[in-house]
Every structure is written in C-alpha cells, then in structure tokens.
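These notes are about the structure you will find just below.
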Ligand SMILES: [Zn+2]
C-alpha cells in the first residue's frame, strides 16, 4: 500500500463515517452487500435461520468483525471503510450458517480442522461477493486476500461454474500459511483457556465439512469430493511455531491427535508429524542416564 493509498483511505473512512448514525451506516453496508446474488442469499439465509440476527458496530473491537452464536450477533469494526465491512459482514453471516456443534469439545486435531474449514468457507463467500460486486469492494478484498480472490475469479472465468470457484477459493484459504497459523493460535489459546480439549473425541472429516459448508437448498454442497482431502498435506500442515505451542497443550491434556498432522521443516519441506510420547521420552532419558553411568 502506498503512502497516498494510506492517506486517501483514511480520508475516505472519515468522509463516509461522518454524519451517519450506526443504523444508517449498517443500512448502507447491507444495501451494498445485498445488491449481488451471493450477498443477498447469504444474508437472507442468515435471517431465515436466526430471525433475531443483529448487526452492530463496535468501536475499538480487536478484529474487523466477529459473530457471536449465543446472541446471534454480528459485530463490525467501524474504523474500517464500508467496502471492507461489506465482505466482513458476508464473512460473519456465513459463520452464522455453519453448524455450531462443530465447536463442542474435541481433540486438538479436530478443533484445528473445524476452525480452518469454517474460516475457509466464510472466506470463499467473501471472494464470491467481492467478485460479483466489483469496484472498490473487489479492490479491497483482492488486496487483502490476493490468492483466495484469484482462485475464485479465475476458476469462475475459466469454467463459468460458481460452485467450482467456491471450492477453489475454499482450498486456496489453506495456502495463506501466516493466516492459517493465526487461526491455529486462536484455537490453541481458546482450547487451553476454557479447558475445552476432549482427547477421546475426534470429528470425522465428513462431519467437519458438513458443518463448515452448509448444503444449498437443493441439498448440494459446493465441494462434492470426499471430505478426506481435509487430511492431506495442503490442508493439515502446522507451522513450526504452532506445533511448538500445540505440543505443550497436547502433553498437558494427554492428547495424541497431532499424530496424523503434518509439520513444516526448517528447510521448508513438509513431513508427517510423529509425536514422542511421555513414556518414550522418559524411557530415552533413563536410557541416557544408564548409558552415562556405565
Ligand atoms: Zn471467520
């Protein structure tokens, strides 16, 4: 982003924010979001599912947006321009259509996979809305998420098939490693803080995909392939930093589910992760001590 961009986006924000009440600004954002087919569908479906769905502006909130399933409330950060909040609104409304039971206590791997899939779905909807609306909404989204935007728009252009475009955008979310690591870190923090880990409960990839990607009215999902792809390298690789934190949590809770994930090596290669059990660690320590004593 150039200095001019920063200056003008700041100016733009002030100009659009001034003189409007919270209700007026939300109405303006909704009007833009509903002016494209995907935006209208997501918001109609969200209101059908949660008749008491609320949208509010929360000054000073940490993120750009959020969805609280307990109060069916979408929160938007008013310090961002309307165009960014349009796609954020669609992102959060997409979360409201997902099956919340996927966030019940489970093992670490299931929690990480569930959060990732839910985020990938919400981002795919953002990419679709940005593509359909065009203009500054598309510009802002493409700048923030170039890979996901490209996956959606190029697939749509080449195939003319929006469901395939959704599926490719969903998958492209996993390629933005720093973004994925950010959500993994949130899962670890949340799981640890709330004592939320249930090592014996594992969600199948099918259950996770069904929860994250709601079926359309005709019963079809945009991802038609077998959900087992979620356990492949591209979708289940942990960063070294994530693994470092996750190991500690898994040891604390006796959760061995990280076996079956993949980890990035120092040289950038990705390998299957094999944890060392506490028993094996102790055994090897005893072995070392014996060796020293001999
Ligand atoms: Zn999200």
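In this note's numbering, the protein residues as written are 857 to 1150. Positions of the beta carbon are idealized from the N, C-alpha and C atoms, including for glycine. These numbers were taken from a predicted model, which means no experiment stands behind them.
Applying the 10 Å Cβ sphere with the 16-neighbour rule, what's the burial state of residue i?
| i | result |
| --- | --- |
| residue 1022 | buried |
| residue 1088 | exposed |
| residue 921 | buried |
| residue 1083 | buried |
| residue 1086 | buried |
| residue 1030 | buried |
| residue 1072 | exposed |
| residue 996 | buried |
| residue 1131 | buried |
| residue 1098 | buried |
| residue 1104 | exposed |
| residue 875 | exposed |
| residue 883 | exposed |
| residue 960 | exposed |
| residue 1013 | exposed |
| residue 1005 | buried |
| residue 1046 | exposed |
| residue 880 | exposed |
| residue 877 | exposed |
| residue 1034 | exposed |
| residue 1120 | buried |
| residue 970 | buried |
| residue 981 | buried |
| residue 915 | exposed |
| residue 1040 | buried |
| residue 1100 | exposed |
| residue 934 | buried |
| residue 1147 | Caution applies to residue 1147, whose pLDDT of 40 falls short of 50 and renders its modelled position unreliable; the model cannot decide the point. |
| residue 1038 | exposed |
Kindly indicate which residue of the options has the alpha-carbon position closest to the one of residue i.
| i | options | result |
| --- | --- | --- |
| residue 897 | 949, 1093, 916 | 949 |
| residue 958 | 1058, 881, 913 | 1058 |
| residue 1027 | 905, 1050, 1111, 976 | 976 |
| residue 1236 | 1052, 1081, 1077, 1065 | An answer regarding residue 1236 cannot be provided, because it is not within the stretch 857 to 1150 covered by the chain. |
| residue 899 | 875, 985, 974 | 985 |
| residue 962 | 1120, 1106, 1118, 1126 | 1106 |
| residue 909 | 970, 917, 915, 924 | 924 |
| residue 1124 | 1115, 1100, 1094 | 1094 |
| residue 1000 | 1016, 940, 905, 916 | 940 |
| residue 930 | 951, 936, 937 | 951 |
| residue 1061 | 936, 953, 968 | 968 |
| residue 1068 | 1009, 988, 954, 1074 | 954 |
| residue 956 | 1076, 907, 928 | 928 |
| residue 938 | 926, 913, 918, 1010 | 913 |
| residue 905 | 1090, 1091, 1070 | 1070 |
| residue 1064 | 1074, 1075, 1079 | 1079 |
| residue 1019 | 1042, 1066, 1076, 1038 | 1076 |
| residue 885 | 917, 907, 936 | 936 |
| residue 1096 | 1118, 1081, 1113, 1090 | 1118 |
| residue 1126 | 1048, 1090, 907 | 1090 |
Under 8 Å by Cβ, that's how I've got residue i and residue j pegged, so tell me the actual separation to the nearest angstrom.
| i | j | result |
| --- | --- | --- |
| residue 1032 | residue 972 | Contact doesn't hold; Cβ gap of about 11 Å is too wide. |
| residue 1109 | residue 1055 | 6 Å |
| residue 1007 | residue 1025 | 5 Å |
| residue 993 | residue 944 | Between residue 944 and residue 993 the Cβ distance is about 11 Å, and since that is not below 8 Å, they are no contact. |
| residue 887 | residue 1116 | So it is not a contact: roughly 46 Å between Cβ atoms. |
| residue 946 | residue 932 | With 8 Å as the limit, residue 946 and residue 932 do not qualify as a contact, their Cβ atoms being about 11 Å apart. |
| residue 892 | residue 989 | 5 Å |
| residue 998 | residue 1044 | No, residue 998 and residue 1044 are not in contact; Cβ-Cβ is about 30 Å, not under 8 Å. |
| residue 1009 | residue 987 | 5 Å |
| residue 902 | residue 895 | 11 Å between Cβ atoms; not a contact. |
Between residue i and chain C, is there a C-beta pair that is closer than 8 Å?
| i | result |
| --- | --- |
| residue 973 | Of the chains in the structure shown, none is chain C; there is only one protein chain. |
Let me have the residue list for ligand 1: C-beta closer than 6 Å to any non-hydrogen atom, ordered along the chain.
Residues close to ligand 1 by the beta carbon criterion (under 6 Å to any non-hydrogen atom) are, from first to last along the chain, 947, 951, 975, 978.
Only counting runs of 3 or more residues, tell me where the beta strand (DSSP E) segments fall wholly within the stretch 1105-1135, in order along the chain.
With a minimum length of 3 residues, the continuous beta strand (DSSP E) runs that stay inside the stretch 1105-1135 are 1118-1120, 1126-1128.
Tell me the start and end of each unbroken alpha helix (DSSP H) in the stretch 863-943 that is at least 4 residues and wholly inside, in chain order.
Listed in chain order, the alpha helix (DSSP H) elements of length 4 or more contained wholly in the stretch 863-943 are 878-889, 893-905.
Alpha helix (DSSP H) segments (min. 4 residues) lying fully within the stretch 970-1040
Runs found: 991-1000, 1002-1015, 1018-1029.
Just to confirm the assignment: which complete alpha helix (DSSP H) runs, minimum length 4, are found wholly within the stretch 1049-1083?
At a cut-off of 4 residues, the continuous stretches assigned as alpha helix (DSSP H) that sit fully inside the stretch 1049-1083 are 1061-1068.
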